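*Asks:*
Numbering (my numbering), first residue to last: 4 to 220.
1) Count the other CB atoms, across all protein chains shown, that sit within 10 Å of the CB of residue 67; report buried if there are 16 or more and exposed otherwise.
2) Can you tell me whether residue 5 is helix, strand or coil according to DSSP?
3) Considering only DSSP beta bridges, list what residue 36 is partnered with.
4) I'd like to confirm something about residue 208: is its beta-carbon nearer than 7 Å to some heavy atom of the ligand NAP, or not?
5) For residue 47, which option in 63, 73, 19, 183 has the closest C-alpha, if you only look at C-alpha atoms?
6) Under 8 Å: do the segment 190-197 and the segment 168-180 share three or more Cβ pairs, one atom per stretch?
7) Flag this pair as yes or no: are the beta carbons of residue 82 and residue 52 separated by less than 8 Å?
8) Pull the bridge partners of residue 18 from the DSSP assignment, please.
9) Based on DSSP bridge pairs, tell me the residues matched to residue 125.
10) Look at the alpha carbon of residue 91 and the alpha carbon of residue 79, and state the distance between them as a whole number of angstroms.
11) Hey, out of 146, 121, 109, whose CA is closest to residue 210's CA?
12) Using the rule of at least 16 other Cβ atoms within 10 Å of the residue's Cβ for burial, across every protein chain shown, is residue 137 buried or exposed?
13) Can you tell me whether residue 180 is helix, strand or coil according to DSSP?
14) Within this structure, are the beta carbons of residue 23 and residue 32 separated by less than 8 Å?
15) Please say whether residue 118 and residue 131 have beta carbons closer to each other than 8 Å?
16) Which of the three DSSP states, helix, strand or coil, is assigned to residue 201?
17) Tell me whether residue 190 sits in a helix, a strand or coil according to DSSP, three-state version.
18) If I follow the unbroken beta strand (DSSP E) through residue 212, where does it start and stop?
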């Protein structure tokens with residue numbers, strides 16, 4: 004198996020006209036996304052890839068045969084004569100067939116919006132969270148994180164962290180135990196300690212990022 008994380012450096016990598024040609028041996032294309040990531044007005048491409056190792060298949064008592072190969076991504080910038088690979092991280096995402104415990108595993112979706120790469124997890128009645136990465140310093144750096152924490156569709160809190168400004172906004176629902184009342188939030192704003200931005204190329208497992216940890220370094 005090839006290295007799990009690769010960041011394109013000089014000399015520039017070979018251009019290819021077909022984005023799918025960047026999918027390495029031992030992986031399959033899981034999903035493809037298009038949008039401008041480097042503010043040049045051209046449609047860049049993000050490929051979500053998935054391993055194809057047979058040893059990663061498991062038998063689940065309730066769900067049957069499951070593919071537990073991890074997923075990763077390849078980021079391509081559109082150039083005049085094709086696409087250039089800028090970043091490759093083969094295994095930063097878990098399988099879509101992971102065990103979610105008392106609930107199904109959260110659904111992963113990527114989006115390119117406002118020249119940023121947004122990694123979005125939806126967990127049904129338990130809320131959602133997303134990571135926002137921007138291309139800067141020759142990498143994609145984590146500039147934002149948002150978490151809506153729910154239980155049975157009732158919001159317990161919203162957490163919004165801006166890593167560029169090092170600000171943290173925590174909204175706590177004070178009426179969480181009274182379904183008859185509208186949500187009423189206590190808002191707490193604070194500064195975070197972290198100064199060094201997290202790089203997408205260095206994330207081995209995005210599931211292991213914890214907002215309590217990555218805001219304090």
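Cβ atoms here follow ideal geometry from the backbone N, Cα and C, with glycine treated the same way. What you are looking at is a predicted structure, and each value in this text was computed from that prediction instead of being measured.
*Replies:* If we stick to the structure as given:
1) Counting every other CB atom within 10 Å of its CB across the protein chains shown gives residue 67 a total below 16, marking it as exposed.
2) For residue 5, the pLDDT reaches just 43, beneath the cut-off of 50, and the residue's location in the model is therefore unreliable, although a value from the coordinates is still provided. Here residue 5 sits in coil by DSSP.
3) For residue 36, which the question treats as bridged, DSSP gives the partners 49.
4) As presented, the structure is devoid of all ligands, the ligand NAP included, so that no description of it is given.
5) For the set 63, 73, 19, 183, the Cα lying nearest the Cα of residue 47 is the one of 19.
6) As far as the Cβ criterion goes, the segment 190-197 touches the segment 168-180, which means the pair count is three or higher.
7) For residue 82 and residue 52, no; Cβs fall outside 8 Å.
8) Answer is none; residue 18 lacks a bridge partner.
9) Paired residue(s): 110, 131.
10) Linking residue 91 to residue 79 through their CA atoms gives a straight-line distance of about 9 Å.
11) In terms of Cα proximity to residue 210, the closest of 146, 121, 109 is 109.
12) By the neighbour-count definition (other C-beta atoms within 10 Å, threshold 16), residue 137 is a buried residue.
13) Under the three-state reduction of DSSP output, residue 180 falls in the coil class, being neither helix nor strand.
14) Closer than 8 Å, so yes.
15) Contact: no.
16) Residue state, collapsed to three classes: coil.
17) In the three-state reduction of the DSSP assignment, residue 190 falls in the strand class.
18) Residue 212 -> no beta strand (DSSP E), and no H or E assigned at all.
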